[in-house]
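Contents: one structure, followed by commentary.
Given below as C-alpha cells:
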C-alpha cells in the first residue's frame, strides 16, 4: 500500500498468499515425515487447489488470505502434540494472524475439528497408557519400540490447548470484542434460518465435479448446485484425489492420515448442509454453528486434507521402491496398466472421452473424462516406475507432480480468465455526473450501474450496497422505506427500488438526491424530476463476449433533506416492541416536523423549527458540523446509529441518540455551535489492553522457549493406534 495503488497491492497479496499456502503445505508435509518430493506435491496441490483458485477468481480477499495460514496452524498443532516449548506461543500467533484476516467462518471450522481431534487423541492415548501400565514388562518394551515419536502426555496436550485458546482470545480481543458487540446488533445475532442454507450447500450432483469441475458449466454459465460456481466447486483434481485415496489406504494406521481423513470426510459431509442430518445436528447442538451461511465453504478444509493426503499417496512410491516384493508389484502394476490402456482406449473410441446426459431440461451436459483417464494412467505408470528402484520412484513422483501441475494449471487458467481485466469499464457518465452534482447527498443506484468498487474508488455515497451482516436498525429502516417483498436484495443492490410504493419522506430523510434506475422508460413519479437518460457499458465483460450497454434514467429528488439538519419536535416510541410496530412507527415519521426518539431529553417549551446544518469536515471517524439554533432542538444526522459515537461542543459532552430508530440525533441548546463527532469502536479500549497484555506475556514465553529450545514438557510414548 505504500508503494503502489490499492488494487495492485490487493492483487499481489492474493498471489503471495497462494505461495505462502503452498509453502506451508510443503513444510507441513515434511513435518509429517514425507520425502521432499511428496511434500512438494502437497504444496503444489494446495496452492493451486480448484476451490482456492475459484475463491481468488471471485476476489474473496479475506477468505483467501486466511486459508493461507491453515497449513501453518496444523504445523503448530504438531508441535503441540510433541510437547515443544515453542508450540503454545507459535500456535497462538498463527491462529491470531489467521483471525485478523477477517473471515472467521473457516477458522471456526478448523479449530472446532482440531479441538475434537485433540480430545479424541487424548482419550485414546490415556486408554492405551492404562493398558500399557497393566501389561507385562516385555509387552511394554515391545509397544515402546513400535513408536519412534515421543509425544507429550494427554494432560499436557490438553492443558497447552487451553493455554493456546486463552492466548488467542487475548491477542484478538482488540478485534473480537468490537465484532462481538456488532454481531449482537446485526441480523445474524440469533443465527441464520435453516431454510436459507439449502442454496449454499452441495447436493448429490455436486460429486460429478470430482471428475469434471466444469460439468455444470463454467463460472459465467454455471447451472449446478449451490449459489455460484465460486462457492460450490466440489473439485480437488482427479490425480490429487486418487493419490489421496491411495495414501489413506496405504497409511491407514498413521495417526496424521487418520486425522486428515476424518477432517476431510466430516468437512465434506457438512458441506452438504441441511441436505444431510449430520449438519442439522451440528446446527442445533454446537454453539456458533448457526451463525455462518454457505456450508459449501467447508470445501476449504477438504482441499487442505486432500492436498496433504495426496502427499502420502505419493510417498507410497518411495515405500514400494524399498519393498522386498516389488517384483510382484511390478507384474501386477504392469498388468493393470495394460488393461487400463485397453479399456480407456475403447472408451475414447466409443464416447470420445465424455459422457452426455440431460437433467430434465433441453440442455445437454457433458462429463469430460480426460483428466480421470490421465490420473489413472499416470498413477499406474508411477507405481510401475517405483517398482524398479528408488531413483525411478523419484522419477515417478516427478511425473505425478507434472500431471498435477498440468491439470490444476489448466483449471486455474480457465477460472482466472473468466473476467479479463482489460474489460473493466473506466469512469462512466454516471460517475462523472455524481461527482459533479451529488455533494453531501446520497444516491440510490444498483450494483450494475454503479458497483461498490466504483463507489469506493470515487468516494460516492450510495444507499444500495452489499453488506453480508447488516445491522438490524438498517433492516428496519429499509423495510419502512421500501415496502416491497425483495427489500433486502434491493438494499444490497441486486434489485431495483419501486419508487411508486417507496415512502418518499423516508427517502428525503436518508438524504437521497438522485435515484438512477436501470430502464429505458420515462416514468412520471411525483416528487421526482427526470434529469438525464442514456446508456453505459457493463462493469465488465465475460470472456469471448461483447460488453452490453445498460440503459439508465437519472431522477432528481425535488426536496431532499440535507445530511445534517435541525428539528425541534420529538415523538417517543417503545424500542422494545415487535419489529412490525417499529417499522410502522418509522413509516409514519414526518422528518421535517419531528424526530422519533425513545425519550425526549430536551426541556419543554419553545423548540427550534426545521433548519439545515452544515458539515464542514467529514472523515469516516470524525465529523464537524456547524449549526445555529434560536431555541433548543435536535440535530439529526442521516447516518446509521451505532454505539461508539460521541458528540462534543467545546468541553461539553452531549449524548448521541437513536433517531427514527436507525439514524443519529444530538440534543442541542440554543446558540451558534460547532459540533465535533468522533467514533471509537465500543470495546476497542478494553480489547487493546487485553491484547497488549497477552502479547507481552506471549513474547516472554516465546523468548523463554528459544532460550531453552530443546526443553520438553513431560512426555510419554504414545504409539499410533
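In the working numbering, the protein residues as written are 52 to 772.
For every residue, glycine included, the Cβ atom is placed at its ideal position computed from N, Cα and C.
Residue i, enclosing alpha helix (DSSP H) - first and last residue
i           : result
residue 154 : First-last for residue 154: undefined, no H or E at that position.
residue 739 : 735–758
residue 328 : 328–336
Span of the beta strand (DSSP E), counted from its first residue to its last, around residue i
i           : result
residue 608 : 600–608
residue 205 : That residue, residue 205, is in no beta strand (DSSP E); its alpha helix (DSSP H) goes 205–222.
residue 698 : 696–700
residue 675 : 673–680
residue 715 : 714–719
residue 687 : 684–688
residue 725 : 722–730
Integer-rounded CB distance, given that residue j should sit under 8 Å from residue i
i           : j           : result
residue 611 : residue 546 : Not quite, the Cβ-Cβ distance comes to about 22 Å (not below 8 Å), so this is no contact.
residue 347 : residue 282 : 5 Å
residue 93  : residue 76  : 5 Å
residue 103 : residue 154 : 14 Å between Cβ atoms; not a contact.
residue 560 : residue 642 : 4 Å
residue 525 : residue 713 : 6 Å
residue 421 : residue 404 : 5 Å
residue 222 : residue 143 : 6 Å
residue 118 : residue 455 : Going by Cβ atoms, the distance from residue 118 to residue 455 rounds to 19 Å, so no, they are not a contact pair.
residue 677 : residue 665 : 5 Å
residue 1   : residue 717 : There is no way to answer for residue 1, as the model of the chain reaches only from 52 to 772.
residue 325 : residue 273 : 21 Å between Cβ atoms; not a contact.
residue 268 : residue 277 : At roughly 12 Å, the Cβ-Cβ gap does not stay under 8 Å, so residue 268 and residue 277 are not in contact.
Cut-off 8 Å between Cβ atoms - residues of its own chain near residue i, not counting five sequence neighbours on either side
i           : result
residue 64  : 112, 116
residue 409 : 415, 416
residue 624 : 633, 636, 647, 648, 649, 712
residue 489 : 511, 512, 564, 565
Neighbourhood of residue i by C-beta distance below 6 Å, restricted to the same chain and skipping five residues each side
i           : result
residue 322 : 253, 346, 347, 349, 350
residue 759 : none
residue 512 : 493
residue 288 : 458, 459
residue 199 : Bear in mind that the predicted position of residue 199 carries a pLDDT of just 42, short of 50, making it unreliable; the figure below should be weighed with that in mind. So the list is empty, once near-sequence residues are dropped.
residue 24  : Absent from the model: residue 24. The displayed extent of the chain is 52 to 772, so no value can be given.
residue 825 : Because residue 825 is not part of the residues shown, which for the chain are 52 to 772, the question remains open.
residue 578 : 555, 609
residue 640 : 647, 711
residue 626 : 649
residue 667 : 675, 677
residue 232 : 733, 734
residue 107 : 65, 115
residue 447 : 368, 433, 436, 437
Sub-8 Å separation of residue i and residue j beta-carbons
i           : j           : result
residue 161 : residue 121 : yes
residue 614 : residue 491 : yes
residue 738 : residue 224 : yes
residue 137 : residue 145 : no
residue 149 : residue 124 : yes
residue 290 : residue 437 : no
residue 229 : residue 733 : yes
residue 496 : residue 237 : no
residue 295 : residue 364 : yes
residue 591 : residue 662 : no
residue 728 : residue 630 : no
residue 698 : residue 687 : no
residue 683 : residue 726 : no
residue 352 : residue 164 : yes
residue 147 : residue 369 : no
residue 587 : residue 500 : yes
residue 263 : residue 419 : yes
residue 51  : residue 515 : Residue 51 is absent from the model: the chain starts at 52 and stops at 772.
Contacts around residue i, its chain only, beta-carbon distance under 7 Å, and the 5 residues preceding and following it disregarded
i           : result
residue 327 : 320
residue 551 : 576
residue 660 : 619
residue 292 : 261, 357
residue 307 : 83
residue 752 : 139, 140
Below-8 Å beta-carbon distance, residue i vs any chain C residue
i           : result
residue 209 : Although the question refers to chain C, the structure presented lacks it and comprises just one protein chain.
- Message: My parser needs the alpha helix (DSSP H) runs of 4 or more residues fully inside the stretch 488–574; what are they?
- Response: 503–509, 523–532, 538–542, 555–560
- Query: For the stretch 642–671, which segments carrying the alpha helix (DSSP H) assignment without a break, of at least 4 residues, lie completely within its bounds, in sequence order?
  - Reply: none
- Query: Which ranges does the beta strand (DSSP E) cover as unbroken runs of at least 3 residues, wholly within the stretch 401–456, from first to last along the chain?
  - Reply: 405–409, 415–419
- Taking the runs of the alpha helix (DSSP H) that are 4 residues or longer, which of them lie wholly in the stretch 65–123? The qualifying runs are 87–98, 101–109, 112–118.
- Task: Could I get the ranges of all uninterrupted alpha helix (DSSP H) runs contained in the stretch 610–643, with 4 residues as the minimum, in chain order?
- Result: 630–638
- Task: Write down every uninterrupted run of the alpha helix (DSSP H) in the stretch 213–284 whose length is 4 residues or greater and which is fully enclosed by it, in chain order.
- Result: 224–235, 280–283
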